[in-house]
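For the sequence shown, the positions run 20 to 249 when the working numbering is used.
We put the CB at the ideal spot given by N, CA and C, even for glycine.
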Amino acid sequence: MEIIRCEDLTKIYRSGTSGVHAVDGVSLSFEQGSFTAVTGKSGSGKSTLLHLLSGLDRPTGGRVIYQDNNLFDYNDNQLSVLRRRRFGFVFQAYNLVRELTAQENILLPVMLDGRKADEDYLKRLVEMLGIEDRLGHLPGALSGGQQQRVCIAQALANKPALLFADEPTGNLDGKTGREVLTLMRTVSNELGITMILVTHDLGVAEQADRIIRLEDGRVAEDSAEEKVIG
């Protein structure tokens, strides 16, 4: 079942009288519970596409449809609430509040939404990520891999339908990166979360169910189409 799609999505960055098509007429559909990796060279538009799909940036043209609604029909406040409640985000930079403990960072999205934390769910999430003994530590006392695990827990704290990840293993060594990615996939599978991940690392991309390769803002390859054709 489809959970989100984009139609003729375009993003043009203006520079004087010329424009750069960072995303150029992309149409894609993503199935609920799937794990998709978006790859491509630097400047291919993969991060821009992720930001458009998740409502972090507004397109020059086209639509993103989530639950039968165009994200960009929402005003900024409505879009912010939707992202906080239904979308999770993991980035290359850990984006943790340095003055808060790991546990406080994880709870931050729930607190900002004014809701009561599901303690049983969060306990299970923390156990799955293997950070039970690090909850009282500040980010500065955690390794890179531990900080990224805290970020994943934070991204999933509000039980999102979609998890968007932009180079989540980019700051980690190979072994730690593979461990974190395996955890992301395991947690997403168990919780039924759709994951869309951007990476330049083909080794990371190959762990996904589907690989989309961008080139000059357009879809150059889509393994889902290849499977249909085959």
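Would you tell me roughly how many angstroms separate the C-alpha atoms of residue i and residue j, rounded to the nearest one?
i              : j              : result
arginine 24    : glutamine 86   : 10 Å
arginine 153   : glycine 222    : 29 Å
leucine 157    : glutamate 244  : 45 Å
aspartate 185  : methionine 130 : 24 Å
arginine 237   : alanine 176    : 33 Å
isoleucine 215 : threonine 188  : 14 Å
lysine 30      : glycine 155    : 42 Å
histidine 40   : lysine 135     : 43 Å
isoleucine 212 : leucine 144    : 13 Å
leucine 119    : aspartate 139  : 22 Å
proline 128    : aspartate 228  : 29 Å
aspartate 43   : leucine 28     : 7 Å
valine 206     : threonine 79   : 34 Å
Where does residue i fall in DSSP's three states?
i             : result
histidine 40  : strand
alanine 239   : strand
arginine 117  : coil
methionine 20 : coil
alanine 160   : helix
alanine 176   : coil
glycine 155   : coil
glycine 249   : Because glycine 249 sits at a pLDDT of 42, beneath the cut-off of 50, its placement in the model cannot be relied upon, and the following sentence gives the value as read from the coordinates. Reduced to three states, the DSSP call for glycine 249 is coil.
asparagine 88 : strand
arginine 33   : strand
Ends of the alpha helix (DSSP H) at residue i?
i             : result
threonine 195 : 193-210
tyrosine 140  : 138-148
aspartate 95  : 95-105
Inspect the beta-carbon positions of residue i and residue j and report whether they are closer than 8 Å.
i              : j           : result
leucine 202    : leucine 148 : yes
isoleucine 198 : glycine 163 : A quick correction: the sequence has glutamate, not isoleucine, at residue 198. Against a cut-off of 8 Å, the Cβ pair of glycine 163 and glutamate 198 comes out as no contact.
I'd like the span of the beta strand (DSSP E) that includes residue i, first residue to last.
i            : result
leucine 221  : No beta strand (DSSP E) contains leucine 221, which is instead part of the alpha helix (DSSP H) from 221-224.
leucine 182  : 181-185
arginine 232 : 229-234
So within the region 46-81, which uninterrupted beta strand (DSSP E) runs reach at least 3 residues, ignoring any that extend past its ends?
54-58
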